[in-house]
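Numbering-wise, the sequence shown is residues 89 to 284 according to the numbering used here. Backbone N, C-alpha and C define an ideal beta-carbon position, used for all residues, glycine too. Working notes, structure below.
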Amino acid sequence: MLLAREFVDYLSRQTIRKLSPLWIETTDMQVAGEFMSGIIEEDLAVEDQLNDEVRELLSQYSDYMRKEGVSYQDMFRRIKNTLVTQRKVIRAAGRDSGDQMKLSRDKINDLSHKIVAALRKSRDFRLKREPNDVRLEMVKVITDLLQTEEKVDKAARTKIRTQKREITEGTEEWDLLHKRYYAEELKKLGIDLASR
């Protein structure tokens, strides 16, 4: 998933906390955070499933790509773009659309619409302002949290690059170091992903 599950949980808890009680009302903040987290994870899983589908398709055409001299990345991008267009999927990755954050502005807007619609249907919530006003405030809160996350991610990547030897991104060692440095950087900001 584009965002770590722990960060999605944190993002959801913080968004609910910042919107309550001025924008929304809920009887249980933890349940509300889990509710929002579920919506985000389900939505982001759509693109993960699409990526898996593209990988499966590419495995069937490895001989063709080798013969034609087409790189895996180019073919992956072409097929994914085609499927995204056909299925009308809003890209989650901000870097794919030129945004600096991990989630694109379009995806944040799309998520805010889905979350507000789900909040309105649920008996556990009450919107205290107009739905679009709540949604716009939610976009602002989520964007702020994602900008913080982006700074943390950059700091973790910088720490990995300053190692005495080069560690290739995507390797198990890189992933372990990134996870450790990422958590350390978040703690510097007072964010403990494990705390509820």
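Going by C-alpha to C-alpha distance, which of the options sits closest to residue i?
i, options, result
"E272", "K176, R143 and A243", "A243"
"R166", "I127, L146 and R154", "L146"
"D198", "D212, K276, E218 and K176", "K176"
"Q251", "V240, L234 and Y269", "Y269"
"F213", "I248, R179, M153 and F123", "F123"
"S200", "M117, D116 and S125", "S125"
"I104", "E94, R93 and D116", "D116"
"V240", "K276, L265 and E260", "K276"
"D136", "D151, A92 and D162", "A92"
"E144", "I255, D221 and M163", "M163"
Inspect the beta-carbon positions of residue i and residue j and report whether they are closer than 8 angstroms.
i, j, result
"K190", "E129", "no"
"L233", "L90", "no"
"L132", "A180", "yes"
"L207", "L215", "yes"
"I178", "I230", "no"
Rounded to whole angstroms, what's the CA-CA distance from residue i to residue j? Just pull it up for me.
i, j, result
"L171", "Q148", "17 angstroms"
"T173", "D194", "14 angstroms"
"N139", "K168", "7 angstroms"
"G278", "T236", "12 angstroms"
"I112", "A120", "10 angstroms"
"S108", "T114", "8 angstroms"
"K209", "W262", "43 angstroms"
"K228", "K202", "15 angstroms"
"Q118", "D97", "10 angstroms"
"R284", "Q102", "In this predicted model, R284 has a pLDDT of only 44, less than 50, meaning its place in the structure is not dependable enough to derive any value."
"I255", "K267", "14 angstroms"
Should residue i be counted as a contact of the ligand FAD given a C-beta to heavy atom distance under 7 angstroms?
i, result
"D151", "Annotation note on the ligand FAD: not contained in the displayed structure, which lists no ligands."
Going by DSSP, name the residue or residues bridged to residue i.
i, result
"R217", "According to DSSP, R217 bridges with nothing at all."
"I248", "BP columns for I248 are empty, so no partner."
"E113", "R214"
Worksheet item: Residue ranges of each alpha helix (DSSP H) run of no fewer than 4 residues wholly in the region 133-202, ordered along the chain?
Response: Complete alpha helix (DSSP H) runs here, min 4: 150-156 and 160-175.
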